DNA sequence: TCAATTCGGTTGCAAATTGCAACACATTCC
DNA sequence: GGAATGTGTTGCAATTTGCAACCGAATTGA
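Protein chains in written order, with this note's numbering: chain A, 86 to 241; chain B, 86 to 241.
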């Protein structure tokens, strides 16, 4: 009764079970900002320790973070982004770009820059196989081999 | 005691308060798939009606969805993506691309295509101002005017 | 025309999740 | 050795979610 579409394993659904949980996206932000320690996560986020513990465990299980005792202080633990976790950075950037444009009036928020050029990462473009830019209105969702309604972007 | 960084309004934080809530991302998926009715959302997602009601209200308040009585059946309500909501599509696509690559073993999930070319939307690239591709390892987070630790992408 | 059905909610209550504070265990510092 | 630190865990209160029953307005249909 709870699943009406068991046919396809949906990527949005699977990622939703990760970042759709409270705190997880913010923990990832901290990880991308270079934070690795439990104590730092706790302090930066103001999150309850049991919840932080739970989220870190889940992120490790999901393979986004690695958990390793800090060699210099064996009380401490380093939570580091795995390559799988790092691969999520573009998502974070696109989300931040959207939020900077549509939610945060001031532009003082988090930004992402290319250390080689010093430039800020440019607004992400959707492209087709040929590399041509694809306009939002020309994007359709395909589920399995079936196109969903073209009415999605009809009205405001 | 809960906020240690009140200086900057963080875009990740603001978007986390939206899509970091259970169901919201899935509701948006359904909206992008062209669904507009309460009853359909409920049926497709298997979500409790009070929660669905709450989430739709929040999405309308946040300006991602518009709420309009259906002119043909005045019992029904159309929830439609606003332009602000539509602008979130690239985020959804990038998240889905990540999940398709890193979470969903089978490639049978949701996909996004360009109706002009018929091609699937290509993997999103990060670019600098000049349009050159930026490698993940060259991306740094900037908070306000301060670069955060360069150690982020150090080890696996 | 008037009863039954549908749509989009709301309400009350049980179950699950989150937050808080205290505790525990190993390591490190002094 | 004793105190402090880092990373948890545990128990309990508060909040959120899920479920089922109810409700009013609009529609259907006999």
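From the three backbone atoms N, C-alpha and C, an ideal C-beta is built for every residue, glycine too. Being a predicted model, the structure only gives us computed values, none of them experimental.
**Asked** The alpha helix (DSSP H) spanning residue 109 of chain A covers which residue range?
**Response** If you number the first chain from 1, residue 109 of chain A lands on position 24. Where residue 109 of chain A is concerned, the enclosing alpha helix (DSSP H) stretches over 109-117.
**Asked** Near residue 106 of chain B, what residues of its chain come up, given a Cβ to Cβ distance below 8 Å and the 5 sequence neighbours on each side ignored?
**Response** Walking along the second chain from the start, residue 106 of chain B turns up at place 21. Within the same chain, residue 106 of chain B has close Cβ partners 140 and 143.
**Request:** Check the Cβ-Cβ distances between residue 161 of chain A and every residue of chain B, and say whether any is below 8 Å.
**Result:** Locating residue 161 of chain A in the first chain gives position 76, counting from the first residue. No - not a single Cβ of chain B is within 8 Å of the one on residue 161 of chain A.
**Message:** In whole angstroms, give me the CA-to-CA distance for residue 129 of chain B and residue 108 of chain A.
**Reply:** Locating residue 129 of chain B in the second chain gives position 44, where the first residue counts as 1. Locating residue 108 of chain A in the first chain gives position 23, where the first residue counts as 1. Cα-Cα distance, rounded: 26 Å.
**Request:** Name the two residues that bound the continuous beta strand (DSSP E) containing residue 165 of chain B.
**Result:** Along the second chain, read from residue 1 onward, the residue named residue 165 of chain B stands at position 80. Here the beta strand (DSSP E) through residue 165 of chain B covers 162-166.
**Message:** Does residue 139 of chain B come out as helix, strand or coil in the three-state DSSP assignment?
**Reply:** As a position in the second chain, residue 139 of chain B is number 54, starting the count at 1. In the structure shown, residue 139 of chain B sits in a helix (DSSP, three-state: H, G or I).
**Item:** Cα-Cα separation between residue 126 of chain B and residue 110 of chain B, rounded to whole angstroms
**Value:** Counting from one through the second chain, the residue named residue 126 of chain B turns up at place 41. Counting from one through the second chain, the residue named residue 110 of chain B turns up at place 25. Rounded to whole angstroms, residue 126 of chain B to residue 110 of chain B spans 12 Å at the Cα level.
**Request:** Quick one: residues in its chain with C-beta nearer than 6 Å to the C-beta of residue 115 of chain B, no 5 flanking neighbours on either side, listed in chain order?
**Result:** Here residue 115 of chain B refers to the residue found at position 30 when the second chain is read from its first residue. Result list for residue 115 of chain B: 126 and 129, in chain order.
**Item:** Local conformation of residue 173 of chain A per DSSP, three classes
**Value:** Against the first chain, residue 173 of chain A aligns to sequence position 88. Reduced to three states, the DSSP call for residue 173 of chain A is coil.
**Item:** Amino acids of chain B, ordered along the chain, whose beta-carbon sits closer than 9 Å to that of residue 122 of chain A
**Value:** Taking the first chain and counting its residues from 1, the one referred to as residue 122 of chain A is at position 37. None at all; the shortest Cβ gap to chain B is about 12 Å.
**Message:** Quick check: is the beta carbon of residue 209 of chain A nearer than 8 Å to any beta carbon in chain B?
**Reply:** Residue numbering aside, residue 209 of chain A sits at position 124 when the first chain is read from its first letter. At least one chain B Cβ lies under 8 Å of residue 209 of chain A.
**Message:** Please return the same chain residues whose Cβ sits closer than 7 Å to the Cβ of residue 182 of chain B, not counting the five positions on each side in sequence.
**Reply:** For the purposes of this step, residue 182 of chain B is taken as the residue at position 97 of the second chain. Within the same chain, residue 182 of chain B has close Cβ partners 208 and 209.
**Asked** Helix, strand or coil: how does DSSP classify residue 221 of chain A here?
**Response** For the purposes of this step, residue 221 of chain A is taken as the residue at position 136 of the first chain. Helix at residue 221 of chain A.
**Message:** Rounded to the nearest angstrom, what separates residue 136 of chain A and residue 123 of chain A at their Cα positions?
**Reply:** Residue mapping note: residue 136 of chain A aligns to position 51 of the first chain, counting from 1. Residue mapping note: residue 123 of chain A aligns to position 38 of the first chain, counting from 1. Their backbone Cα atoms lie some 11 Å apart in a straight line.
**Asked** Should the stretch 143-152 of chain B be called in touch with the stretch 165-176 of chain B, which here means at least 3 C-beta pairs below 8 Å?
**Response** yes
**Asked** Beta-carbon of residue 145 of chain A versus every beta-carbon of chain B: anything under 8 Å?
**Response** Taking the first chain and counting its residues from 1, the one referred to as residue 145 of chain A is at position 60. Not an interface residue.
**Best match in A/212, A/218, A/202 and A/213 for proximity to residue 213 of chain B [C-alpha to C-alpha]** = Mapped onto the second chain, residue 213 of chain B falls at position 128. Measuring from the Cα of residue 213 of chain B, the nearest candidate turns out to be A/202.
**Asked** Which residues does DSSP pair with residue 213 of chain A in a beta bridge?
**Response** In the first chain, counting from the first residue as 1, residue 213 of chain A sits at position 128. In the DSSP output, where bridge partners are listed per residue, residue 213 of chain A has none listed.
**Request:** Quick one: using the 10 Å Cβ neighbour count with 16 as the cut-off for buried, is residue 104 of chain B buried or exposed?
**Result:** Walking along the second chain from the start, residue 104 of chain B turns up at place 19. Using a 10 angstroms sphere on the CB of residue 104 of chain B, the tally of other CB atoms reaches 16 or more, which defines it as buried.
**Prompt:** Do you know how far the Cα of residue 138 of chain A is from the Cα of residue 162 of chain A?
**Reply:** Looking up residue 162 of chain A in the first chain gives position 77. Looking up residue 138 of chain A in the first chain gives position 53. So the alpha carbons of these two residues sit roughly 12 Å apart.
**Asked** Roughly how many angstroms lie between the CA atoms of residue 102 of chain A and residue 223 of chain A, to the nearest whole one?
**Response** As a first step, residue 102 of chain A must be located in the first chain, where it is residue number 17. As a first step, residue 223 of chain A must be located in the first chain, where it is residue number 138. Distance between the alpha carbons of residue 102 of chain A and residue 223 of chain A: 28 Å.
**Prompt:** Based on the DSSP secondary-structure assignment, which residues constitute the bridge partners of residue 202 of chain B?
**Reply:** Against the second chain, residue 202 of chain B aligns to sequence position 117. Answer is none; residue 202 of chain B lacks a bridge partner.
**Request:** Decide if residue 176 of chain A is buried, meaning its Cβ has at least 16 other Cβ atoms within 10 Å, or exposed.
**Result:** On the first chain, position 91 is the one that residue 176 of chain A refers to. Per the 10 Å Cβ criterion, buried.
**Request:** Name the one or two DSSP bridge partners that residue 151 of chain B has.
**Result:** Position 66 of the second chain, counting from 1, holds the residue named residue 151 of chain B. Its beta-bridge partners are B/165.
**Prompt:** When the Cα atoms are used, what is the spatial distance from residue 204 of chain B to residue 132 of chain A?
**Reply:** The residue labelled residue 204 of chain B in the question sits at position 119 within the second chain. The residue labelled residue 132 of chain A in the question sits at position 47 within the first chain. One C-alpha to the other measures close to 43 Å.
**Asked** With distances taken from CA atoms, which of B/156, B/154 and B/187 is nearest residue 100 of chain A?
**Response** Taking the first residue of the first chain as position 1, residue 100 of chain A is located at position 15. The candidate whose alpha carbon is nearest that of residue 100 of chain A is B/187.
**Message:** Under 8 Å, Cβ to Cβ, is there at least one residue of chain B near residue 137 of chain A?
**Reply:** Taking the first chain and counting its residues from 1, one reaches residue 137 of chain A at position 52. No - not a single Cβ of chain B is within 8 Å of the one on residue 137 of chain A.
**Item:** For residue 195 of chain B and residue 96 of chain A, believed in contact at Cβ under 8 Å, the rounded distance
**Value:** The residue labelled residue 96 of chain A in the question sits at position 11 within the first chain. The residue labelled residue 195 of chain B in the question sits at position 110 within the second chain. Rounded, the Cβ-Cβ distance is 6 Å, consistent with contact.
**Request:** In angstroms with no decimal places, state the Cα-to-Cα distance between residue 166 of chain B and residue 117 of chain B.
**Result:** Mapped onto the second chain, residue 166 of chain B falls at position 81. Mapped onto the second chain, residue 117 of chain B falls at position 32. Cα to Cα, the separation comes out at about 8 Å.
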